[in-house]
Amino acid sequence: MMFDIFFVDYKPGQTEEMAQALAKNPQVMFDYPMETSLESKSSILNLEKRIEILRKFKLENVEDPGDAGRTWLKFPQPPIEPVAEKASGLGFANIKKDESGLNRRMPLVAKLMNAGPLRETEYYPSIDLIIACNYLGVDVKRDVEVVMGKYVKIKNIPQKTLTHFDRKTLKMETKDIMNRPNEKREVVIPIDADGQMQINFPGGLYSFRAHEIFEAATEWNEETASQFQNTIFLVAMYYATGAGAAKDTHLSPFGDMSGIEHHAAAINTILNQDFLFELPLWGEFLIIILVGMLAGVVQPRLKTWLAFLFFLAIAFIYSVGTLINFSEFNLVHLYPTVILEQLFIFIGLIGFRILTEEENVKYIRSTFSKFVSKDVVDELLKNPDNLNLGGSKRDITIFFSDIRGFTTMSEKMGPEELVQFLNQYLSEMTEIIIEFKGTIDKYMGDAIMAFWGAPVPLEDHAYYGCAAGLAQMRRLATLKEEWKSLDLPQMDIGIGLNSGPAVVGNMGSSHRMDYTCMGDTINLGSRLEGTNKEYGTHIIISEYTYEKVKDRVIARELDLIKVKGKTQPVRIYELLDLVNEEDLKLLRKPLQAN
């Protein structure tokens with residue numbers, strides 16, 4: 001039996017009665033507090049005498065590598081002499097909370113500096129270690145070995161049984177504590193540098209009504225007493241007495257529990273050898289690094305909702321693994337650390353994507369708003385994957401146009417008049433290309449280069465290109481009438497169209513880049529534009545374009561020509577009109593979102 005009541009004051013009559021009761025019941029132990037400071041000179045004068053009372057329970061076999069442990073307990077306050085001398089065990093009862101305010105550990109060893117006769121360091125056991133040794137039938141001075149920062153070893157344990165509640169079978173079980181009668185019988189308790197062990201709490205607070213306890217006491221007899229053989233009794237007051245006294249409770253992982261329940265859980269952990277083991281710090285860091293690297297590699301490659309599912313999956317797997325390690329192997333992880341790490345990585349990914357998405361929106365608008373229609377820009381913003389900034393192979397239709405006799409015309413006009421005239425022409429032609437979902441590549445003097453099928457894929461890119469060329473010729477006829485009335489020079493244009501594969505993307509230097517296209521398809525389109533002069537035509541399309549639109553356009557076969565840079569001759573056609581005139585209006589409608 002252990003009294004978690006500090007008998008530090010002499011009370012006439014009551015103290016003598018307690019001493020007499022102890023003489024009749026030798027298996028009674030007491031705990032005592034250790035203070036961090038002494039309040040009076042009389043306490044200092046009595047310190048040596050108090051320590052002398054405790055020395056019969058002092059730990060003898062202690063190794064302290066490098067003096068790692070801290071002396072956070074300094075001044076023991078053992079019970080008064082009549083009680084202490086009759087007690088079968090004395091141990092300190094201090095409970096130390098961690099930084100979060102929780103009590104997860106129980107000190108087993110107190111290190112007192114300058115406590116011995118020669119001012120040497122001495123080590124004293126906690127009441128939990130005293131009770132465990134008493135129950136196991138070993139001597140705390142002879143049979144306990146301590147290595148600070150590693151373990152407390154209880155040796156030479158005789159055969160002993162223990163009745164306990166098994167959390168797995170949910171039944172009361174009786175077992176040999178060691179469960180290995182033919183081997184060396186010892187219990188090894190892992191401790192930290194401060195002499196503390198982790199408590200494996202079996203559960204939360206259990207209580208009985210006061211009248212139930214009193215009724216049980218009135219029915220006490222020898223038969224009832226026999227049921228409690230080999231049982232440890234811990235007696236304490238839930239509320240301390242006296243003015244301003246505080247309730248003796250401490251916060252545990254299961255909520256507020258009385259101090260005596262913390263001690264009971266610690267004793268239960270020792271006797272059941274149900275110790276908790278912490279993963280080494282290097283192991284925790286290794287898990288954090290590996291899981292962090294996995295998330296850092298995988299999450300950026302996933303869409304946001306998949307990245308969130310990945311985060312939940314990692315959190316679930318790690319939680320289940322932590323639970324299994326705890327329930328099966330008593331291995332304790334820094335549980336929240338990996339979960340928080342994953343959460344921070346996911347939040348960082350979201351933040352990065354928000355910032356980069358804003359930059360991408362700005363980039364797309366600034367790059368394409370001058371060269372494509374607004375609905376094409378909107379489509380790019382909805383589906384930015386269509387824009388491969390590193391260059392990609394696309395099936396497109398290329399467009400080239402050039403003014404016939406531009407040199408002669410420019411000689412008849414002043415610089416300002418020429419620029420104004422040219423700007424009007426280019427603006428009108430550009431407007432038509434953009435209306436027909438085309439992309440302006442560049443202006444080369446009086447020439448225009450454009451294409452269809454990029455950056456947004458366009459299934460009928462050849463047909464859109466042909467329709468745009470015909471629309472330009474019709475608009476040019478109207479402009480020529482206006483220019484004639486203003487006595488401005490007359491002009492004509494030639495257009496070449498070709499369809500096929502080309503590389504499309506950002507090209508240029510690190511200082512300046514343009515979204516453009518290149519390849520044999522582009523070269524042939526340029527050659528066809530110039531071929532109009534030889535045949536007296538306005539729009540020439542290649543056989544590759546013709547094959548894509550032959551059922552929807554009116555065209556006349558011109559020739560089979562061999563173009564510079566091509567080994568095989570190419571059949572060319574003059575584009576005259578669309579089969580369905582209404583298509584010129586329909587093709588101008590905005591693109592439908594995919």
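In full-length UniProt numbering, the protein residues as written are 1 to 594.
Backbone N, C-alpha and C fix where the C-beta goes; we use that ideal spot for every residue, glycine too.
Quick check on residue i: does DSSP put it in helix, strand or coil?
| i | result |
| --- | --- |
| Val570 | strand |
| Leu458 | coil |
| Phe344 | helix |
| Ala243 | With a pLDDT of 46 at Ala243, under the threshold of 50, the modelled position of this residue cannot be trusted; read the value that follows with caution. In this structure, Ala243 counts as coil in the three-state DSSP scheme. |
| Pro125 | strand |
| Ser100 | coil |
| Asn523 | helix |
| Ala555 | strand |
| Asn594 | Caution applies to Asn594, whose pLDDT of 40 falls short of 50 and renders its modelled position unreliable; the value that the coordinates give is listed next. In this structure, Asn594 counts as coil in the three-state DSSP scheme. |
| Val297 | helix |
| Ser509 | coil |
| Val140 | coil |
| Thr356 | helix |
| Leu105 | It should be noted that the sequence gives Arg, not Leu, for residue 105. Note: Arg105 maps to strand in three-state DSSP. |
| Glu428 | helix |
Please identify the residue among the options whose C-alpha is closest to the C-alpha of residue i.
| i | options | result |
| --- | --- | --- |
| His250 | Asn94, Ser542 and Ile561 | Asn94 |
| Met148 | Gln273, Ala193 and Thr439 | Ala193 |
| Gly530 | Leu54, Val563 and Asp520 | Val563 |
| Leu586 | Ile572, Gln20, Met444 and Ala467 | Ala467 |
| Val456 | Met473, Ile434 and Leu476 | Ile434 |
| Met106 | Lys393, Ala264 and Pro82 | Ala264 |
| Thr430 | Glu557, Ser401, Gln273 and Ile157 | Ser401 |
| Arg104 | Tyr318, Ile191 and Gly348 | Ile191 |
| Thr121 | Ser327, Leu418 and Ile51 | Ile51 |
| Met18 | Phe75, Ala84, Met34 and Leu59 | Ala84 |
| Pro489 | Thr516, Leu479, Gln568 and Tyr464 | Leu479 |
| Asp559 | Glu582, Lys550 and Tyr535 | Tyr535 |
| Tyr443 | Thr516, Asn506 and Arg474 | Thr516 |
| Asp551 | Asn532, Asn580, Glu60 and Lys24 | Asn580 |
| Ser258 | Leu279, Leu129, Asn272 and Ala236 | Ala236 |
I need the straight-line Cα distance from residue i to residue j, nearest angstrom please.
| i | j | result |
| --- | --- | --- |
| Gly470 | Ser509 | Before going further, note that residue 470 is Leu rather than Gly in the sequence given. So the alpha carbons of these two residues sit roughly 36 Å apart. |
| Glu481 | Met491 | 11 Å |
| Gln14 | Ala110 | 31 Å |
| Asp4 | Thr269 | 19 Å |
| Arg394 | Gly296 | 32 Å |
| Asp520 | Glu416 | 37 Å |
| Thr408 | Phe451 | 29 Å |
| Gly348 | Ala502 | 38 Å |
| Ile350 | Tyr318 | 22 Å |
| Ile541 | Leu486 | 33 Å |
| Asp9 | Glu81 | 10 Å |
| Val338 | Ile288 | 6 Å |
| Ala132 | Ala313 | 43 Å |
| Leu290 | Ser126 | 40 Å |
| Leu306 | Val298 | 10 Å |
| Thr304 | Met507 | 30 Å |
| Gln568 | Arg475 | 36 Å |
| Gly405 | Leu302 | 56 Å |
| Asn532 | Glu557 | 13 Å |
| Leu281 | Leu22 | 47 Å |
| Thr231 | Ala266 | 15 Å |
I think residue i touches residue j, with their Cβ atoms under 8 Å apart; what is that distance to the nearest whole Å?
| i | j | result |
| --- | --- | --- |
| Leu90 | Tyr32 | 6 Å |
| Ile260 | Leu234 | 5 Å |
| His538 | Ile493 | 7 Å |
| Phe30 | Ala87 | 5 Å |
| Ile561 | Ile572 | 6 Å |
| Asp446 | Ile403 | 4 Å |
| Lys153 | Val188 | 5 Å |
What does a CB cutoff of less than 7 Å around residue i pick up in its chain, not counting 5 residues either side in sequence?
| i | result |
| --- | --- |
| Asn330 | Asn200, Asp274, Phe275, Leu276 and Phe277 |
| Ser40 | Low confidence applies here, because Ser40 scores a pLDDT of 49, under 50, leaving its location unreliable; read the following figure in that light. Cβ neighbours of Ser40 beyond the five flanking positions: none. |
| Pro336 | none |
| Leu576 | Ile554, Ala555 and Arg556 |
Can you give me the Cβ contacts of residue i inside the same chain, cut-off strictly under 6 Å, excluding the 5 residues immediately before and after it?
| i | result |
| --- | --- |
| Asp143 | Lys155 and Asn156 |
| Ala454 | Arg394, Ile396 and Val504 |
| Gln472 | Met429 and Ile432 |
| Lys97 | Asn103 |
| Ile53 | Pro78 and Ala84 |
| Glu63 | Val147 |
| Gly465 | Thr397, Phe399, Trp452 and Leu497 |
| Met518 | Val503 |
For residue i, collect the residues of the same chain with a Cβ closer than 8 Å to its Cβ; drop the 5 residues on either side in sequence, then sort them by chain order.
| i | result |
| --- | --- |
| Gly414 | none |
| Gln27 | Met1, Ser88 and Asn134 |
| His262 | Ile95, Asn103, Met106, Ile199, His250 and Ser252 |
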